[in-house]
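Scroll down for the structure; my scribbles are underneath it.
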Amino acid sequence: MFRRRPLDRPVEAARRLTAGRLTLEVAGGSVVGHRYPENYDVLHVDDELPLAVVCDGMGEGEGSRAAGATAARTFVDQVRAAWPTVDAAGLRAATTETQRRVRRAGAAHAGLTGCTLTALVVEPAGGQGWLVQLGDSRAYRLRDGMLELVTVDHTMAWLGLLHGWWTADSPEAARARYQLLRYVGHPDAPDPDLLCVPLRRGDTWLLCTDGVSDQLGYHRLRDLLAARRDPARTVRALLDASLDAGGEDNATAVVLRVHPALPAPR
27 MFRRRPLDRP VEAARRLTAG RLTLEVAGGS VVGHRYPENY DVLHVDDELP
77 LAVVCDGMGE GEGSRAAGAT AARTFVDQVR AAWPTVDAAG LRAATTETQR
127 RVRRAGAAHA GLTGCTLTAL VVEPAGGQGW LVQLGDSRAY RLRDGMLELV
177 TVDHTMAWLG LLHGWWTADS PEAARARYQL LRYVGHPDAP DPDLLCVPLR
227 RGDTWLLCTD GVSDQLGYHR LRDLLAARRD PARTVRALLD ASLDAGGEDN
277 ATAVVLRVHP ALPAPR
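Right, here's the structure in full:
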């Protein structure tokens, strides 16, 4: 078992939220890792809304910290202000405002100010959710024993693999892993990926930064998510495993499980 550090975010007990005929059980946590002295990941699991956000600051320093904190806070505020409306137009507008405020925050810093943003927002009726993504923090879905990567990485490495410019284990791919093509704070304010995803009873969703996905292979991720622990214990297991595998980056994870709605108390 690893030793906790002051900048780790403890994994709290899972929260239960009702969305239509579904109950959503969600928990999140973050660890600094072994490489960096500080944690530039930002995590938000909402107390009241079916909303979770992970951000990963680019680089080190105050610009990275400002980007992640500003992005998470702004996006959450925009979703709350629009609630109960959740649609593509509103989420695109929320991301546009997030981009604007991160760029404004960056004006006070000499270095790079930017971050990834991956969010899951579930509609009040519960039948579907929306993924919002800029960068390379990921969203996975475990359904009927099969783990799927639902998002794509907005990196030069991913683009090069798709076009066959290099192989996954080549030096070129390794160098391109950290060349983000889209991120929050980009001077051109690129559009996010917006994905409308159905929610089914039994689904498990994982949002994570690359401190998790780069350290844990497909089968390890699937086995940890399929263990059917409660979300808080699953998050702890994911973060422990990322540290045991090297802890080469800040690592953040949110796990959301979908259940039938609990019957109303009599």
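All you need for my numbering is the position in the sequence shown, starting with 1, plus 26. Cβ coordinates follow ideal geometry from the N, Cα and C atoms, glycine included.
Cβ-Cβ separation, Ala98 to Cys81 (assumed contact under 8 Å), whole Å: Counted from its first residue, the sequence shown places residue 81 at position 55. Counted from its first residue, the sequence shown places residue 98 at position 72. Going by Cβ atoms, the distance from Cys81 to Ala98 rounds to 5 Å, so yes, they are a contact pair.
From Val261 to Val128, what does the alpha carbon distance come to, in whole angstroms? Here residue 261 corresponds to residue number 235 of the sequence shown, with the count starting at 1. Here residue 128 corresponds to residue number 102 of the sequence shown, with the count starting at 1. About 28 Å.
Suppose only complete runs of 3+ residues qualify. What are the beta strand (DSSP E) ranges in the stretch 92-148, listed by chain order? 143-148
Rank Gln241, Tyr62, Gly54 and Leu138 by C-alpha distance to the C-alpha of Gly94 and give the top, closest one. Counted from its first residue, the sequence shown places residue 94 at position 68. Residue Leu138 is the option with its Cα nearest to Gly94.
Of all the alpha helix (DSSP H) runs that stay within the bounds of the stretch 158-238, which reach a length of 4 or more residues? 182-189 and 197-202
Which residue comes first and which comes last in the alpha helix (DSSP H) that contains His60? The sequence position of residue 60 within the sequence shown is 34, counting from 1. Per DSSP, His60 belongs to no alpha helix (DSSP H) and is neither H nor E.
Measure from the alpha carbon of Ala39 to the alpha carbon of each residue in Arg283, Ala258 and Tyr244, then state which is nearest. Sequence index remark: in the sequence shown, residue 39 carries index 13 (1-based). When only C-alpha atoms are compared, the closest one is Ala258.
Out of Arg91, Pro36, Asn65 and Glu64, point me to the one whose CA is closest to Val71's CA. The count along the sequence shown starts at 1 and reaches residue 71 at position 45. Measuring from the Cα of Val71, the nearest candidate turns out to be Pro36.
Inter-residue spacing [alpha-carbon to alpha-carbon] between Pro213 and Ala136: Along the sequence shown, one-based indexing puts residue 213 at 187. Along the sequence shown, one-based indexing puts residue 136 at 110. Each residue's alpha carbon lies about 15 Å from the other.
Could you tell me whether the Cβ of Tyr66 comes closer than 8 Å to any Cβ of chain C? Going by chain labels, chain C is absent from the structure shown, which holds only one protein chain.
Classify Thr111 as buried or exposed, calling it buried when 16 or more other Cβ atoms lie within 10 Å of its own Cβ. By 1-based counting over the sequence shown, the position of residue 111 is 85. Classification for Thr111: exposed.
Do His285 and Thr49 have their C-beta atoms closer together than 8 Å? To locate residue 285, count along the sequence shown from 1; it is residue 259. To locate residue 49, count along the sequence shown from 1; it is residue 23. It is a contact, given that the beta carbons lie within the stated cut-off.
Could you work out which residue in Asp236, Gly54, Ala133 and Met84 is closest to Thr177 when comparing CA atoms only? Residue mapping note: residue 177 aligns to position 151 of the sequence shown, counting from 1. Of the listed residues, the one whose Cα sits closest to Thr177 is Asp236.
Those residues which DSSP pairs with Arg35 across a bridge: What you label residue 35 is simply residue 9 of the sequence shown in a count that begins at 1. Paired residue(s): Ser56.
Going by DSSP, name the residue or residues bridged to Leu282. In the sequence shown, the residue the question calls residue 282 occupies position 256. Leu282 pairs with Val52 and Trp231.
Check the C-beta distance from Pro76 over to Val147 and give it rounded, since I have them as a contact under 8 Å. Here residue 76 refers to the residue found at position 50 of the sequence shown. Here residue 147 refers to the residue found at position 121 of the sequence shown. Going by Cβ atoms, the distance from Pro76 to Val147 rounds to 7 Å, so yes, they are a contact pair.
Considering only the alpha carbon of each residue, which of Leu175, Glu174 and Asp195 lies closest to Ala183? Numbered from its first residue, the sequence shown carries residue 183 at position 157. Selected option, being the one with the closest Cα: Asp195.
Assuming Ala277 contacts Leu265 (C-beta within less than 8 Å), just tell me the rounded distance between them. Against the sequence shown, residue 277 aligns to sequence position 251. Against the sequence shown, residue 265 aligns to sequence position 239. Confirmed, about 6 Å.
Quick one: residues in its chain with C-beta nearer than 6 Å to the C-beta of Ser163, no 5 flanking neighbours on either side, listed in chain order? For this step, residue 163 is matched to residue 137 along the sequence shown. For Ser163, where only same-chain residues beyond five positions count, the Cβ hits under 6 Å are Val80, Asp82, Thr142, Thr144 and Thr235.
How would you call Ala78, buried or exposed, if buried means at least 16 neighbouring beta carbons within 10 angstroms? Your numbering for residue 78 matches position 52 in the sequence shown. Buried is the call here.
Take the Cβ of Met172 as the centre, count every other Cβ of all protein chains shown within 10 Å, and call the residue buried at 16 or more, exposed below. As a first step, residue 172 must be located in the sequence shown, where it is residue number 146. Met172 comes out exposed.
How is Leu265 classed by DSSP in three states: helix, strand or coil? As a first step, residue 265 is located in the sequence shown; it is residue number 239 there, counting from the start. Leu265: helix per DSSP, three-state reduction.
May I have the straight-line CA-CA distance separating Ala45 from Arg226, to the nearest angstrom? The count along the sequence shown starts at 1 and reaches residue 45 at position 19. The count along the sequence shown starts at 1 and reaches residue 226 at position 200. So the two alpha carbons sit approximately 12 Å from each other.
Compute the Euclidean distance between the alpha carbons of Leu250 and His189, then round it to the nearest angstrom. Position 224 of the sequence shown holds residue 250. Position 163 of the sequence shown holds residue 189. Cα to Cα, Leu250 sits roughly 32 Å from His189.
Which residues in the same chain have their Cβ closer than 8 Å to the Cβ of Ala151, if we skip the five residues on either side of it in sequence? Here residue 151 refers to the residue found at position 125 of the sequence shown. The answer, listed in chain order, is Ala45 and Gly46.
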